[in-house]
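>
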Amino acid sequence: MSEYSHSLAEYNPQAVEAEAQRWWTDHECFRAVEDPARDKFYCLCMFPYPSGRLHMGHVRNYTIGDVIARHQRMLGRNVLQPMGWDAFGLPAENAAMARGVAPATWTRDNIAYMRRQLQSLGLGIDWSRELATCEPEYYRWNQWLFLRLLEKGLVYQTTGTVNWDPLDQTVLANEQVIDGRGWRTGAVIEKREIPMYYMRITAYADELLEALDTLADWPERVRLMQANWIGRSAGVEIDFPFHSSTREAMGADGALKVFTTRADTLQGATYCAVAAEHPLATAAARSNLSLAAFVDECKRGSVMEADVATAEKRGMATGLHVTHPLSGARLPVWVANYVLMGYGEGAVMAVPAHDERDFEFATKYQLPIRCVIGSKTGAYADTAAPWQAAYAEHGITMNSGAFDGLEFQAAVDAIAAALESKGLGRKRVQFRLRDWGISRQRYWGTPIPIVHCESCGAVPVPDEQLPVVLPEDCIPDGSGNPLRNRDDFLRCECPTCGKPARRETDTMDTFVDSSWYFLRFACADSHEAMVDERVRYWLPVDQYIGGIEHAILHLLYSRFWTRVMRDLGLVDLDEPFARLLTQGMVLNGIYYRKTASGRIAYYNPTEIEEHDDGKGGTTAVLLVDGQPVESGGIGTMSKSKNNGVDPQTLVDTLGADTARLFTMFTAPPEQTLEWSDEGVQGASRFLKRIWKAVHTHVSGGAAGPVAPADLNEGQKVLRRQVHQTLVKVSDDLGRRHTFNTAIAAVMELLNAVNRAPALAPADRSVIQEALELMILMLSPIVPHICHRLWHVLGHEVAIIDQPWPRPDADALKAETREIVVQVNGKLRGRVTVAADAPEAEVRAAALADGNVQRFVGDQAVRKVIVVPGKLVNVVV
RNA sequence: GCCCGGGUGGCGGAACUGGUAGACGCUACGGACUUAAAAUCCGUUGACCUGAAAGGGUCGUGCCGGUUCAAUUCCGGCCCCGGGCACCA
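Residue numbering for the first sequence follows our numbering, starting at 45 and increasing by one per position.
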């Protein structure tokens with residue numbers, strides 16, 4: 045008999061959790077050791093940015109991972125669940141500015157605090173593999189791989205556009221630009237072209253796209269988003285030769301190259317449009333002051349695609365002309381703000397009749413609209429006048445001379461062939477994906493390992509000089525990169541000629557850090573190499589868990605980086621993440637007041653009380669003054685809306701198990717989760733109920749093993765529910781990852797156990813089995829309380845080392861089944877039949893039901909549909 | 001603007017492959033226990049109609065339309081909310 049069995053004390057989460065955590069630590073339960081004889085399971089959650097304190101999103105993320113990891117462990121897998129820190133980034137520099145503390149100090153303090161917080165959640169993490177990306181031991185390999193990519197031509201330098209704050213004389217992130225102005229200075233932001241390093245992710249575009257089909261265990265929506273992001277489109281590249289007048293003006297021959305996926309509409313092109321950055325725009329602006337001013341203005345606008353796409357369409361004629369490659373017609377060239385320099389050729393042929401954007405532009409500037417596609421049911425042109433909108437669907441060519449009457453693909457093929465024979469066009473594949481610009485004009489990141497020499501130019505730092513260590517005592521003040529003022533960092537010798545030279549001060553995008561950390565966890569202590577042979581054992585990650593907001597960039601960069609390392613012979617792996625779960629965000633209510641000055645003051649929901657307003661709704665009141673506040677609905681927990689909930693308070697009061705249970709029960713993992721104080725209470729109450737159920741049962745003395753043959757009907761029914769619940773929970777945890785329904789099923793079972801008679805020895809045996817299985821099923825979710833209750837139920841061996849139970853096939857067998865009977869699709873009755881009753885018998889029983897007969901009446905039965913084991917539908 | 005999701009009682013959600021809409025939890029209300037409160041336990045809780053009651057019926061899954069014996073689920077069109085849009089991570 046266990047030492048705990050007679051303790052009917054109140055459930056005290058702090059004591060229970062401390063005890064369980066101590067046991068796991070003392071026994072090194074989560075230390076992952078390579079063992080080729082065992083199946084491994086690598087369970088990884090996206091590592092956190094050490095922002096200061098854990099937020100509820102972290103709790104949700106890491107609880108999901110821990111539940112899956114613990115379940116897999118019980119299934120017998122050799123589980124690895126590591127943790128690290130995405131430690132470089134902008135917030136550390138902001139904190140430095142706000143508090144005058146070095147980013148390194150701030151970051152490391154945050155890591156220490158957040159590590160303790162994670163440990164208090166009882167996560168089964170192998171802390172011996174912990175890493176932080178701001179450690180030279182880690183980022184030296186960013187530098188090393190950068191140099192390998194440079195050698196292979198997969199890193200190159202070209203100019204890129206950045207946001208420039210003219211007052212602070214610094215580059216701003218998109219996030220730091222608010223309504224076109226710098227967040228600190230309020231100055232109107234300019235665009236600047238500066239040299240930057242790029243990674244040639246486009247070289248892998250085809251493979252990254254095609255391999256999406258192999259990711260069967262990724263959410264469909266993520267694969268779709270990635271496919272659309274890569275954006276492969278087959279089309280035709282068309283040359284519009286310069287018109288004679290333009291040749292004179294330009295002093296050169298040539299053609300305007302455009303890319304189009306709608307070559308079938310070529311005969312409807314009435315003008316061409318180029319981006320403000322296009323060479324033709326630059327050339328035309330040289331002799332045209334107002335055009336130069338317009339081009340300048342366009343270049344000043346936002347770099348963000350959302351802004352460009354929603355901006356009012358504006359343009360100006362360049363005065364230059366090109367000739368239509370087939371008809372020879374003279375077409376004007378316009379500069380338009382809706383043409384992106386970064387896609388295709390930075391120039392488009394405009395077909396206003398068949399493209400929404402061209403249509404809007406042509407209507408505004410009174411450019412001709414020429415219809416060349418008719419709908420399949422008739423000529424569109426007849427019904428569309430006067431023009432209301434573009435007809436952008438595929439259709440049949442018309443007004444296109446020799447190309448009339450063709451369907452989309454035939455028209456594209458014929459026109460492409462005609463262009464090709466004239467040397468004015470060719471079929472081509474275009475990707476939307478752009479190369480990855482990794483240069484950041486910021487301090488707190490991986491230094492780019494390049495030295496600038498007056499004689500030799502940009503020279504790679506030799507491997508033996510790695511890492512290029514970032515000085516850690518800088519405190520950014522918002523005016524540019526502080527590395528530029530650090531002589532001890534800047535000054536160096538040129539590795540090629542030995543003359544004095546200057547170090548590159550740009551650092552790498554933090555997405556570089558997160559593109560391979562999952563590989564490093566396999567061998568975090570490797571000093572000689574970036575990765576070693578242990579990667580072969582642990583990778584791929586069997587289950588990756590993180591926020592849906594990373595669906596594109598982080599996951600795509602990681603897939604790219606893994607392939608780069610594969611092609612360098614460093615790993616034997618195409619895809620890093622076998623199975624992906626994208627968790628939803630955590631939301632909470634938003635409350636605010638408008639102050640006299642018109643500013644909005646947000647109040648944390650913990651300072652608010654909702655009162656009934658007597659009209660079926662509620663009024664929100666601020667606790668300190670009792671006065672009403674505005675309710676702003678619900679939104680993601682954020683600092684700016686002041687609606688975050690500190691999980692630490694919850695852990696300190698109701699315990700980690702309650703926090704874990706609440707986040708797992710309240711919503712399925714992929715959906716958004718709404719915070720609710722009452723819901724948290726409900727989770728806590730359930731733990732108390734199960735605590736009490738176990739102790740009450742045990743206080744009745746020892747229960748013998750179940751003897752299936754001796755059970756009465758009620759005991760059989762309860763036992764069947766026990767094993768049905770086990771079947772469901774196994775599936776919910778293992779395949780579906782719907783932890784909410786798994787918990788609901790266990791709750792139902794506890795309700796059934798609490799209702800069941802508990803006097804006879806056979807009753808107590810069935811209840812003992814039910815409670816044991818419930819504790820085993822709950823142990824991945826609320827491991828601390830289960831650690832204790834397992835002992836209370838009389839077991840010496842800790843539950844962490846128990847295997848996942850198997851349902852008893854005999855217990856699952858039922859002799860009868862309830863069948864639903866519908867008449868014309870509406871529920872009219874239920875009949876109970878033998879579980880193995882043949883269809884004819886089920887059908888007869890259904891038709892014999894009193895209520896069914898009432899609804900059938902004297903109407904003729906037209907059809908009877910029998911769904912085996914489920915329902916009968918009588919159609920009259 | 002483009003790409004991807006989501007919308008079900010008073011609330012969070014369940015219904016897994018087209019087959020009983022509302023499991024489970026919360027809230028609210030009623031009751032038990034208590035000097036009292038908290039806690040705990042028991043019961044009721046989609047709307048409407050009907051019945052003394054037991055019960056029975058109609059409607060109902062954002063809106064409009066379609067397919068089907070049967071639609072929260074599939075198809076077409078719309079509305080609203082959330083995520084991403086390349087320098088937040």
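Built from N, CA and C at the ideal position, the CB exists for glycine as well.
1. Which same chain residues, not among the five before or five after Y601, have their C-beta less than 7 angstroms away from its C-beta?
2. Mind checking who T205 pairs with in its DSSP beta bridge?
3. Tell me A458's beta-bridge partners as DSSP assigns them.
4. Do you know whose CA, among A271, A545, T551, L817, lies nearest P515's CA?
5. Going by the beta-carbon positions, is the gap between G166 and P827 smaller than 7 angstroms?
6. Mapping the DSSP letters down to three states, classify P285 as helix, strand or coil.
7. Would M240 be called buried (16 or more neighbouring beta carbons within 10 Å of its own) or exposed?
8. Restricting to Cα atoms, I'd like to know which of L717, S809, F709 is closest to N756.
9. Start and end of the beta strand (DSSP E) containing Q116?
10. Is the stretch 86–106 in contact with the stretch 151–160, if contact means three or more CB pairs nearer than 8 angstroms?
11. In angstroms with no decimal places, state the Cα-to-Cα distance between E195 and C87.
12. Considering only residues of the same chain and omitting the five flanking positions on each side of N122, which have a CB-CB separation below 6 angstroms?
13. Pull up the distance between the alpha-carbon of I274 and that of V383, whole angstroms please.
14. What does DSSP give as the partner residues of K638 in its beta bridges?
15. Along the chain, where does the beta strand (DSSP E) that runs through A158 open and close?
16. What span of residues does the beta strand (DSSP E) with W378 cover, start to end?
17. If you count every other CB in all the chains shown that lies within 10 Å of the CB of K466, and 16 or more means buried, which is it?
18. For the stretch 574–625, which segments carrying the alpha helix (DSSP H) assignment without a break, of at least 4 residues, lie completely within its bounds, in sequence order?
19. Decide if A238 is buried, meaning its Cβ has at least 16 other Cβ atoms within 10 Å, or exposed.
20. Short check: CB of V630 to CB of M681, under 7 angstroms?
21. Per DSSP, I863 is paired with what?
22. Could you tell me the alpha carbon to alpha carbon distance between P285 and V608, rounded to whole angstroms?
23. Using the rule of at least 16 other Cβ atoms within 10 Å of the residue's Cβ for burial, across every protein chain shown, is A727 buried or exposed?
24. Less than 7 angstroms between C-beta atoms, sequence neighbours within five positions excluded: which residues of the same chain meet that for M348?
25. Compare the beta carbon distance of A568 and R578 with 7 angstroms and say whether it is the shorter of the two.
26. Since A664 contacts I678 with CB under 8 angstroms, what's their CB separation in whole angstroms?
27. Determine the DSSP secondary structure at R401, reduced to helix, strand or coil.
28. Taking the alpha helix (DSSP H) that A327 belongs to, which residues open and close that run?
29. Give the straight-line distance between the Cα atoms of I734 and T702, rounded to the nearest whole angstrom.
30. So if DSSP puts Q474 in a beta bridge, which residue, or which two residues, is it bridged to?
31. Mind pulling the beta strand (DSSP E) runs of 3 or more residues that sit fully within the stretch 173–206?
32. Taking 7 angstroms as the limit between beta carbons, can you name the residues of its chain near G869, skipping five residues before and five after?
33. Going by CA-CA distance only, name the one from Q866, S331, W719 that's closest to K907.
34. Where does Q715 sit, in a helix, a strand or coil, going by DSSP?
35. Using a Cβ-Cβ cut-off of 7 angstroms (strictly less than) and excluding sequence neighbours within five positions of G748, which residues of its own chain qualify?
36. Can you tell me whether V206 is buried or exposed? The criterion is at least 16 other CB atoms within 10 Å of its CB, across all chains shown.
Once the coordinates are examined:
1. W480, F555, S559
2. Bridge pairing for T205: E237 [DSSP].
3. DSSP output for A458 lists no bridge partner at all.
4. T551
5. yes
6. P285 carries a strand assignment under DSSP once its states are collapsed to helix, strand and coil.
7. buried
8. S809
9. It is not in any beta strand (DSSP E) - Q116 instead sits in the alpha helix (DSSP H) that spans 100–118.
10. yes
11. 34 angstroms
12. D79, R82, K84
13. 19 angstroms
14. I644
15. Note on identity: in this sequence residue 158 is Met, with Ala being the wrong assignment. Run containing M158: none in the beta strand (DSSP E); it sits in the alpha helix (DSSP H), 147–164.
16. 374–380
17. exposed
18. With a minimum length of 4 residues, the continuous alpha helix (DSSP H) runs that stay inside the stretch 574–625 are 578–582, 597–611.
19. Reading off the sequence shown, one finds Ile at residue 238, where the question assumed Ala. I238 is exposed by the Cβ-count criterion.
20. yes
21. V875
22. 40 angstroms
23. buried
24. N218
25. no
26. Their Cβ separation, rounded to whole angstroms, is 12 angstroms, which puts A664 and I678 out of contact at 8 angstroms.
27. Reduced to three states, the DSSP call for R401 is helix.
28. 323–329
29. 13 angstroms
30. Beta-bridge annotation (DSSP): Q474 is paired with S277.
31. none
32. N917
33. Q866
34. coil
35. P805, S809
36. buried
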